[in-house]
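Note that this note's numbering numbers the sequence shown so that position 224 is 243, with each residue one more than the last.
Using N, Cα and C, we set each Cβ at its ideal position, and we do this for glycine too.
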Amino acid sequence: MMTNPPENVPTDVTVDELHAYADDQLPPERAAAVEAYLRDNPAAAARVADYQLINAALLSRSEDIDDEPIPQALLDTAGRPPRYPLMRIAAAVVWLAVGGALGWQAAGFAAGPGAAPGGFAERAALAYAVYAPETLHPVEVGAEESEHLTNWLSNRLRMSVSVPSLAEQGFRFLGGRLMMGETAPAALLMYESDSGRRLTLYISNEPSQGSGEAMDFWQDNRAGVVTWASSGAEFGLAGGFSQRELASFANVIRDRFDA
């Protein structure tokens with residue numbers, strides 16, 4: 020939980036409301052007030068986006084293990100009084116650590132080559148999971164303001180951010196938003212087909228993210244992701260598509276960014 024509020028939060032939008040907005044727990048009128056504030060405060064918007072990514076990660080970890088049986092060893096000891104309370108506490112801590120690791124595996128976060136839990140590919144997948152389903156606010160700046168969007172993102176990421184066209188592949192550009200990377204701002208661009216299927220392109224120029232120039236495919240229970248690096252930046256194209264489809268779209272985007 021955040022202990023220090025974002026700078027310049029107005030008195031009529033509280034820190035608790037920013038958390039509630041990220042949790043989708045605000046009534047419509049307060050949600051509208053928070054959205055208006057976030058549109059004018061990119062830093063706070065990036066922080067709220069990070070809250071939403073964390074929420075999605077926690078949900079992903081828990082969904083697939085809810086129905087798993089309780090280990091017999093725990094059932095066997097549940098009815099017995101503790102002989103050594105401190106040892107029982109230590110054992111519980113160890114079990115929580117093991118359970119967390121099993122949760123990562125159950126959710127599929129270690130399924131792809133070259134990607135580890137918490138890595139760049141996962142962040143790209145979670146960004147897709149948070150924003151692609153949105154109907155009212157899938158992007159922060161729409162396609163009609165593409166020049167403003169690219170100037171803003173280029174300035175914040177300190178690199179040239181352009182919008183590669185996927186029109187020939189059947190996708191129109193919807194817009195984009197500023198994101199929070201591991202330690203610095205990142206960008207998210209979104210595309211949509213005539214049938215309503217969406218793609219998101221997550222862009223970061225943080226050092227040592229781990230992707231090479233060759234494309235890698237990674238998948239969790241939310242999306243497939245193709246990642247690659249080029250000219251000091253890293254890209255993650257995510258969506259509910261096959262590896263072949265994502266790779267074909269990614270090749271187009273990489274060629275146009277390089278050009």
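Which residue wins for smallest C-alpha separation from residue i, given the options the options?
i, options, result
"R216", "R263, V53, R191, A55", "R191"
"V245", "A252, S267, G251", "S267"
"A148", "E159, G138, Q71", "Q71"
"A248", "W171, R273, L168, A206", "R273"
"F139", "R275, A257, V34, E164", "A257"
"A63", "T33, P47, P46", "T33"
"E232", "N170, D35, A269", "A269"
"L168", "R58, S250, E187", "R58"
"E166", "A146, P47, S214, G195", "G195"
"Y150", "L208, A162, E163", "L208"
"G259", "S212, E187, R275", "S212"
"R275", "P61, L45, E187", "E187"
"S250", "D277, G243, V271", "D277"
Can you tell me whether residue i is buried or exposed, with buried defined as 16 or more other CB within 10 angstroms of its CB?
i, result
"R37", "For clarity, residue 37 is Leu in the given sequence; the question names Arg instead. Buried is the call here."
"S223", "buried"
"Q238", "buried"
"R142", "buried"
"G189", "exposed"
"A252", "buried"
"D43", "exposed"
"R5", "Residue 5 falls outside the range modelled here, since the chain spans only 20 to 278, and no answer is possible."
"D235", "buried"
"S261", "exposed"
"E159", "buried"
"P204", "buried"
"Y56", "buried"
Would you kindly check if the distance between the Cβ of residue j and the Cβ of residue i is under 7 Å?
i, j, result
"Y221", "G255", "yes"
"E201", "E225", "yes"
"A41", "V67", "yes"
"L197", "R175", "yes"
"L172", "A206", "yes"
"T15", "A144", "Nothing in the structure corresponds to residue 15, since the chain is present only between 20 and 278."
"A52", "M199", "no"
Taking 6 Å as the cut-off, is the C-beta of residue i nearer than that to any heavy atom in the ligand SAH?
i, result
"E159", "Only the bare structure without any ligand can be found here, which leaves the ligand SAH out of the picture."
| Are at least three pairs of beta-carbons, each pair with one atom in the stretch 142-154 and one in the stretch 173-188, less than 8 Å apart? | no
| Uninterrupted beta strand (DSSP E) stretches inside the stretch 192-225 (no shorter than 3 residues) | Every unbroken stretch of the beta strand (DSSP E) spanning 3 or more residues and falling wholly within the stretch 192-225 is given here in chain order: 204-212, 217-223.
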